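Note that the UniProt record's numbering has the sequence shown beginning at 1, numbered continuously upward. Ideal Cβ positions, reconstructed from N, Cα and C, are used throughout, including at glycine. As the structure is a computational prediction, the values presented were derived from the model and not from experiment. Working notes for the structure below.
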Amino acid sequence: MFGRGDRHLSAEDLHAEAQDAGESVSLATVYNTLHQFTDAGLVRPLSAEGQRTYFDTNASDHHHFFIEDDGEMVDIPAGALDLGQLPEPPEGMEIVNVDIVVRLRRKPTA
Numbered sequence: 001m002f003g004r005g006d007r008h009l010s011a012e013d014l015h016a017e018a019q020d021a022g023e024s025v026s027l028a029t030v031y032n033t034l035h036q037f038t039d040a041g042l043v044r045p046l047s048a049e050g051q052r053t054y055f056d057t058n059a060s061d062h063h064h065f066f067i068e069d070d071g072e073m074v075d076i077p078a079g080a081l082d083l084g085q086l087p088e089p090p091e092g093m094e095i096v097n098v099d100i101v102v103r104l105r106r107k108p109t110a
């Protein structure tokens, strides 16, 4: 999972990779392991489409494009997004993180 650079994988993607490599592991075990990695700060969960969650091996703060046609998550280059000023949080609250997913689809061809 971590040996191929920064990646955005669903539990199903990772399970398929394990199966292709000849590893016998249940999908539930993959989910449990990914949630433990999340709790340890090793991956970041990202939601983009309905029930599917992606896990980002780059746990630093950054934002994403989601390509709807392919179901693919892509990093937005650092500094490419200007958030301006965030709104004040409600009283007694603090902003912990801002996750932005910009949804894309291919333009129709003429």
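Rounding to the nearest angstrom, what Cα-Cα distance links residue i and residue j in this structure?
i: His64; j: Leu46; result: 9 Å
i: Gly79; j: Thr38; result: 25 Å
i: Glu68; j: Val101; result: 11 Å
i: Val96; j: Arg106; result: 33 Å
i: Ile76; j: Asp99; result: 11 Å
i: Gln19; j: Leu81; result: 38 Å
i: Glu23; j: Arg44; result: 24 Å
i: Tyr31; j: Thr53; result: 10 Å
i: Val25; j: Leu86; result: 43 Å
i: Ala110; j: Val74; result: 26 Å
i: Leu83; j: Gly92; result: 23 Å
i: His62; j: Thr33; result: 23 Å
i: Gly50; j: Ala21; result: 28 Å
i: Asp70; j: Asp13; result: 13 Å
Just to check my reading of the structure: residue i and residue j have Cβ atoms closer than 8 Å, yes? What is that Cβ distance to the nearest angstrom?
i: His15; j: Leu27; result: 5 Å
i: Phe66; j: Leu104; result: 7 Å
Can you list, in chain order, the residues of its chain whose CB lies under 8 Å from that of residue i, leaving out five sequence neighbours each side?
i: Glu72; result: His8, Phe66
Within the same chain, show all residues whose beta-carbon is closer than 6 Å to that of residue i, passing over the 5 residues directly before and after it, in chain order.
i: Pro89; result: Ile95
i: Glu17; result: none
Three-pair Cβ contact test at 8 Å for the region 3-22 versus the region 50-64: yes
- prompt: Taking only runs of the alpha helix (DSSP H) that begin and end inside the region 27-52, which ones reach a length of at least 4 residues, in chain order?
  reply: 27-39
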